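Counting in full-length UniProt numbering, the sequence shown runs from 1 upward without gaps. Quick notes on the structure that follows.
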Amino acid sequence: MRRMEIDMTALRMVEQEKGVSLGRLVEAIEEALLKAYHNIPGAVSKARIEIDQKTGRVTVMAMDEDEDGNEIGEFDDTPKNFGRIAQSTARSVIMQRLRDADDQKVLGGFANQKGQVVTGIVDQSRDGRITIIKVGDDFEAVLPDSEKAPGEAYRHGDRIRAFVVNVERTEKGARITLSRTHPGLVAGLFEREVPEIQQGLVKIKAIAREAGHRTKIAVAATREGVNAKGACIGPMGSRVRAVMTELNGEKIDIVDWSADPGRFVANALSPARVSRVVVHSIDNRTATAIVPDFQLSLAIGKEGQNARLAARLTDFHIDIHSDTETGDEGVASHSSMPDDVTSRSYSDPQD
């Protein structure tokens, strides 16, 4: 048989269920079949594919020319065994169009979620390095190994919240990438828990995080009389505790942001009490915090973590000294300036 038929019922089902236009599907199949025909030895260069949308019948119509190259009509040049090629091509085109439709659905429905916190259910991972998270009704997102917080385990069926890092089209289709380590996750969780943030009465000014261990968050009120730090802590600590629970016990320090950089540095070193802050250079962005002797280890923190996070939070290079230190000899100090920190300095107040 030189003719073959495409299952138009299947195409109409795709149109109804996925919203892919039947006309566009037929055009795509015709284009793909024409390429397949031209790969067959002896194919006529001027040809077209004709698909009857009622019966699904496929015909290759080639241009007939006279000895002078004048077009004199068309003839049926459907190759033998072309039916097998046509069926395979049609299936391939349909699958590609379905993938494109799904990709468009993801990109269209999730593009505005980038930079937001979403709730999802952990699904079985197809790759040991990637955890699949079901978000919404129809979307699958990925939580790469690099975006997992240390010490966290993700079991099938677990309900978790994560930060949407990116929504993009890749060679393998649309991809939603989530993170459990991004500072934006902390910001989003506080926004959910603190009505004053939702209402714009409290603003998160800065976050420094070492995921799975500790976070420092600086907040400020936008209206006189609002206690920003108290709002984030919540009655009996309920709001901050809810965020910590979602982060599997990650410690959180909430501090008051200040436009006075010296005060901000002092606040950022909480829970240590700072006697004073000396700002050395605005251009070099360096400052020294003076703390009581018994507060020195607390200000520095275990393995320098408290000082390191304070430096990231404030964008300062912070040297920490005890208040009894004099001269250079025997001075115990801790310089905490990560490579990625920029800073801004001023003043020397006390918290």
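Ideal Cβ positions, reconstructed from N, Cα and C, are used throughout, including at glycine. Every value quoted in this text rests on a predicted model; they were computed, and no experiment measured them.
Taking only the alpha-carbon atoms, compute the straight-line gap between residue i and residue j and give it to the nearest angstrom.
i: residue 259; j: residue 143; result: 37 Å
i: residue 169; j: residue 182; result: 21 Å
i: residue 212; j: residue 229; result: 22 Å
i: residue 256; j: residue 311; result: 15 Å
i: residue 146; j: residue 79; result: 53 Å
i: residue 266; j: residue 224; result: 22 Å
i: residue 328; j: residue 164; result: For residue 328, the pLDDT reaches just 38, beneath the cut-off of 50, and the residue's location in the model is therefore unreliable, although a value from the coordinates is still provided. Cα-Cα distance, rounded: 48 Å.
i: residue 247; j: residue 284; result: 35 Å
i: residue 356; j: residue 177; result: Here the chain has residues from 1 to 351 only, and residue 356 is not among them.
i: residue 47; j: residue 66; result: 16 Å
i: residue 49; j: residue 8; result: 16 Å
i: residue 195; j: residue 95; result: 46 Å
i: residue 120; j: residue 214; result: 24 Å
i: residue 249; j: residue 88; result: 54 Å
i: residue 57; j: residue 97; result: 21 Å
i: residue 6; j: residue 81; result: 14 Å
i: residue 347; j: residue 140; result: Residue placement at residue 347 is flagged as unreliable, the pLDDT there being 28, under the threshold of 50; the coordinate-derived value follows with that caveat. So the alpha carbons of these two residues sit roughly 50 Å apart.
Please classify residue i as buried or exposed, where buried requires at least 16 neighbouring CB atoms within 10 angstroms.
i: residue 55; result: exposed
i: residue 330; result: In this prediction, residue 330 scores a pLDDT of 36, lower than 50, which makes its location untrustworthy; no coordinate-derived value is stated.
i: residue 157; result: exposed
i: residue 282; result: exposed
i: residue 306; result: buried
i: residue 184; result: buried
i: residue 111; result: exposed
i: residue 153; result: exposed
i: residue 155; result: exposed
i: residue 317; result: buried
i: residue 207; result: buried
i: residue 315; result: buried
Since residue i contacts residue j with CB under 8 Å, what's their CB separation in whole angstroms?
i: residue 116; j: residue 188; result: 6 Å
i: residue 175; j: residue 162; result: About 14 Å; that fails the 8 Å criterion.
i: residue 254; j: residue 219; result: 6 Å
i: residue 29; j: residue 93; result: 5 Å
Could you confirm whether any beta carbon from chain C is found closer than 8 Å to the beta carbon of residue i?
i: residue 19; result: Absence of chain C from the displayed structure is noted, only one protein chain being present.
At a cut of 8 Å, does the region 196-208 reach the region 239-248 through at least three beta carbon pairs?
no
With contact counted as at least three CB pairs below 8 Å, one residue from each stretch, are the region 290-299 and the region 266-279 in contact?
yes
Between the region 8-21 and the region 61-81, can you find at least three pairs of beta-carbon atoms closer than 8 Å?
no
In chain order, what are the residue ranges of uninterrupted alpha helix (DSSP H) at least 4 long that sit wholly in the region 29-96?
none
Scan the region 234-293 and note each continuous beta strand (DSSP E) run of 3 residues or more that stays entirely inside, going in chain order.
251-256, 276-281, 286-291
Every unbroken alpha helix (DSSP H) within the region 148-193, with a cutoff of 4 residues, ordered by chain
183-193
Between the region 36-50 and the region 17-26, can you find at least three pairs of beta-carbon atoms closer than 8 Å?
no
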